[in-house]
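Have a look at the structure below before the remarks.
There are 2 protein chains.
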Amino acid sequence: MPEPETGLVCTERTPRVVTARKLLRRAGRERAGRFLAEGSQAVDAALAAAGDGGGRVYELFATAEALGHHPGLERTARDLGVPVTLVTERAAAALSETVTPQGLIAVCGLLHVSVETALAGTPTLVVMLVEAADPGNVGALIRVADAAGADAVILAGDGCDPHNGKSVRASAGSVFHLPLAPVRDVPSALTECRRRGLRLLAATAGGELDLDTAAEDGTLAAPSAWLFGNEAHGLPGDVTGAADHRVSVPIHGRAESLNLATAAAVCVYASARAQRRERGRGGALS
Amino acid sequence: MPEPETGLVCTERTPRVVTARKLLRRAGRERAGRFLAEGSQAVDAALAAAGDGGGRVYELFATAEALGHHPGLERTARDLGVPVTLVTERAAAALSETVTPQGLIAVCGLLHVSVETALAGTPTLVVMLVEAADPGNVGALIRVADAAGADAVILAGDGCDPHNGKSVRASAGSVFHLPLAPVRDVPSALTECRRRGLRLLAATAGGELDLDTAAEDGTLAAPSAWLFGNEAHGLPGDVTGAADHRVSVPIHGRAESLNLATAAAVCVYASARAQRRERGRGGALS
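Protein chains in written order, with my numbering: chain A, 1 to 286; chain B, 1 to 286.
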């Protein structure tokens with residue numbers, strides 16, 4: 001079937017839509033070097049990143065209704081040289097993993113950078129996730145790292161792909177805001193963080209340091225990489241052992257633990273606050 | 001169809017299973033005054049609460065396999081006078097809302113208490129969620145409140161039911177750990193918090209106080225009730241206006257915001273730390 005001419009509305013059977021659907025799976029993304037960002041928040045963030053030279057958007061699929069809801073989006077895309085392809089509701093649904101598709105899907109270049117690139121400059125706050133299994137958690141963690149002003153997120157080990165649709169959605173646009181570095185070899189990632197002058201803080205239950213103590217005694221004021229593990233199994237023992245400090249979020253009530261994203265939020269914000277206070281004092285980070 | 005005798009394995013058509021299934025819906029829970037807690041973590045927490053007099057468990061449905069995986073559970077239940085009903089895998093699945101049912105479901109009494117009961121004693125840290133829409137968020141927030149040592153969670157307005165299966169699962173047992181008080185009338189809940197000497201802190205973007213400033217200037221050291229709004233719409237304007245302070249979690253990066261549970265974790269842990277520090281100094285809370 002020939003592809004419809006520009007200006008016509010593509011259906012779920014149009015070849016470019018069929019091709020884009022393959023990006024819903026990790027293998028398809030890796031083969032094409034592209035992924036899908038769905039919904040207005042993600043599309044806005046993707047276009048803004050492309051405008052800043054921080055990412056590439058190859059195409060925007062949109063329903064007529066969605067373009068009507070987001071005036072200016074089509075212009076923004078065209079100004080960036082991003083072709084806008086009108087699709088039917090069914091085609092938008094075929095490109096979506098959500099129950100109520102928003103009718104806006106950007107085809108973006110993978111956001112991966114190397115650990116060296118992610119840690120370029122003088123990083124002071126880095127988040128490393130080791131063997132992450134759940135894409136929703138990965139996205140939530142990237143959002144937390146972004147909000148707390150972290151310099152980069154390193155995804156170490158055999159974790160899930162941050163370009164997964166659930167991860168992109170949970171990040172609320174943050175996948176486009178800071179460098180994401182996937183790295184298979186965990187020890188090399190730890191070495192690179194150390195080489196950059198980052199103290200390694202393993203977030204773990206039963207650590208020798210309580211987060212509040214670490215905040216008070218100056219530990220958190222130093223440039224740091226926080227290490228978080230898989231929600232079910234925590235950090236691998238060798239990673240915990242290799243860290244400079246093992247830090248626990250205090251549990252004051254009867255909960256066994258916090259979930260990954262909330263624990264990370266408490267840890268990373270405690271570091272951001274300690275570092276900013278140190279800078280305000282004209283300390284080592286200023 | 002007559003109910004099988006004790007000792008037989010119940011199917012999804014056995015009347016007591018059919019009756020319990022009605023608890024999957026809110027109307028069924030409200031009619032019966034009961035709800036379902038699924039999975040070993042929730043069932044353990046339910047039985048522990050019942051043992052402490054803090055909740056009631058009416059019955060435990062379990063597959064033979066699940067009982068095999070959790071030796072001691074049957075004894076714990078029987079010691080508490082909780083009947084254990086063997087069910088088929090299909091019956092367990094019928095009582096479950098998860099993709100991979102664990103084969104353990106406790107029928108529990110609703111956990112509601114009045115705001116007055118929830119705030120009895122000398123509360124120093126309370127979490128109030130106004131017009132919560134998403135049960136996963138409600139459960140995550142209850143878990144955060146529990147971990148941070150909050151005295152109670154108040155669910156104000158027309159929010160979702162904390163006894164919803166998703167909420168119970170997201171709370172990871174915490175629904176059984178601290179008083180939960182639903183209340184329709186938001187102003188009366190605010191008044192009751194004030195009457196108890198709690199400072200009202202509205203978590204809101206663009207508040208006049210930054211969380212770090214509030215931590216430094218002593219605001220957070222006072223007994224407080226944190227007010228959180230619906231994830232999409234935030235707090236209603238009259239609630240924000242009625243609070244003593246409007247406090248923002250600082251966004252240091254390019255994220256627009258944090259999600260509800262992570263924002264709450266940062267806020268409530270900041271209060272817990274400030275209050276503990278104040279107590280350590282022999283301050284007003286000691």
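In this text, a Cβ means the ideal position worked out from N, Cα and C, and glycines have one as well.
Proximal residues of chain B, C-beta to C-beta of residue i below 8 Å
i: ARG273(A); result: ASP212, ALA215
i: HIS177(A); result: GLY253, ARG254, ALA255
i: SER174(A); result: GLY253, ARG254, ALA255
i: ALA140(A); result: ASN259, THR262
Exposure label - residue i; buried when at least 16 CB within 10 Å
i: LEU60(A); result: buried
i: GLY237(A); result: exposed
i: GLY72(B); result: exposed
i: GLY139(B); result: buried
i: ARG281(B); result: exposed
i: ASP44(A); result: buried
i: THR240(A); result: buried
i: GLY149(A); result: buried
i: THR313(B); result: Coverage of chain B is limited to positions 1 through 286, which leaves residue 313(B) absent and any answer about it impossible.
i: ASP134(B); result: buried
i: GLU116(A); result: exposed
i: GLU111(A); result: Position check: residue 111(A) holds Leu in this sequence, whereas Glu was assumed. Classification of LEU111(A): buried, given that the 10 Å Cβ count is 16 or more.
i: ALA205(A); result: exposed
i: LEU86(A); result: buried
i: THR262(A); result: buried
i: VAL99(B); result: exposed
i: SER248(B); result: buried
i: THR6(B); result: Here THR6(B) scores only 49 on pLDDT, less than 50, and its place in the model should not be relied on; the value that follows carries that caveat. So THR6(B) counts as exposed.
i: ASP212(B); result: buried
i: PRO223(B); result: buried
i: LEU8(A); result: exposed
i: ALA232(B); result: exposed
Closer than 7 Å at the beta carbon, the chain A residues around residue i
i: ASP146(B); result: GLY253, ARG254, ALA255
i: GLY149(B); result: HIS252, GLY253
Three-way DSSP call (helix, strand, coil) for residue i in this model
i: SER257(B); result: coil
i: SER248(B); result: strand
i: ASP210(B); result: strand
i: LEU110(A); result: coil
i: ARG199(A); result: strand
i: GLY237(A); result: helix
i: SER286(A); result: Any reading at SER286(A) must be qualified, since the residue scores a pLDDT of 40, below 50, and its modelled position is unreliable; no value is offered.
i: SER224(A); result: strand
i: GLY218(B); result: coil
Inter-residue Cα distance where the pair is residue i and residue j
i: VAL107(A); j: ALA20(B); result: 47 Å
i: GLU38(B); j: GLU97(B); result: 9 Å
i: PRO4(A); j: ALA27(A); result: Low local confidence applies: a pLDDT of 43 at PRO4(A) is under 50, so the model's placement there is unreliable, and no value is given.
i: ALA42(A); j: ASP52(B); result: 47 Å
i: GLY207(B); j: ARG273(B); result: 21 Å
i: SER271(B); j: PRO101(A); result: 39 Å
i: SER171(A); j: ARG34(A); result: 17 Å
i: VAL126(A); j: THR11(A); result: 43 Å
i: GLU65(B); j: LEU104(B); result: 10 Å
i: SER286(A); j: ARG279(A); result: Because the pLDDT at SER286(A) is just 40, under 50, the model does not fix this residue reliably, and the value given afterwards should be weighed accordingly. One C-alpha to the other measures close to 5 Å.
i: ARG194(A); j: ALA225(A); result: 9 Å
i: VAL144(A); j: SER167(A); result: 13 Å
i: VAL130(B); j: ARG75(A); result: 39 Å
i: ARG16(B); j: ARG31(B); result: 16 Å
i: ALA62(B); j: ARG199(A); result: 48 Å
i: GLY109(A); j: PRO162(A); result: 13 Å
i: GLY54(B); j: ALA120(B); result: 15 Å
i: ASP146(A); j: LEU178(A); result: 7 Å
i: VAL113(B); j: PRO250(A); result: 27 Å
i: LEU141(A); j: LEU180(A); result: 12 Å
i: VAL57(B); j: PRO182(A); result: 47 Å
i: CYS267(B); j: ARG254(B); result: 19 Å
i: ASP210(B); j: GLU192(A); result: 34 Å
i: ALA189(B); j: ALA92(B); result: 38 Å
i: GLY136(A); j: ASN164(A); result: 9 Å
Under 7 Å from the C-beta of residue i: neighbouring residues of chain B
i: TYR269(A); result: VAL266
Proximal chain A residues relative to residue i, where beta-carbon distance stays under 8 Å
i: ARG143(B); result: ALA255, LEU258, ASN259, THR262
For a minimum of 4 consecutive residues, which ranges assigned as the alpha helix (DSSP H) are wholly contained in the stretch 120 to 195 of chain B? Within the stretch 120 to 195 of chain B, the complete alpha helix (DSSP H) runs of at least 4 residues are 135 to 147, 165 to 171, 186 to 195.
Please give the ranges of any alpha helix (DSSP H) in the stretch 2 to 87 of chain B, keeping only runs that are unbroken, at least 4 residues long and fully inside the region. With a minimum length of 4 residues, the continuous alpha helix (DSSP H) runs that stay inside the stretch 2 to 87 of chain B are 15 to 21, 26 to 32, 40 to 51, 64 to 69, 73 to 79.
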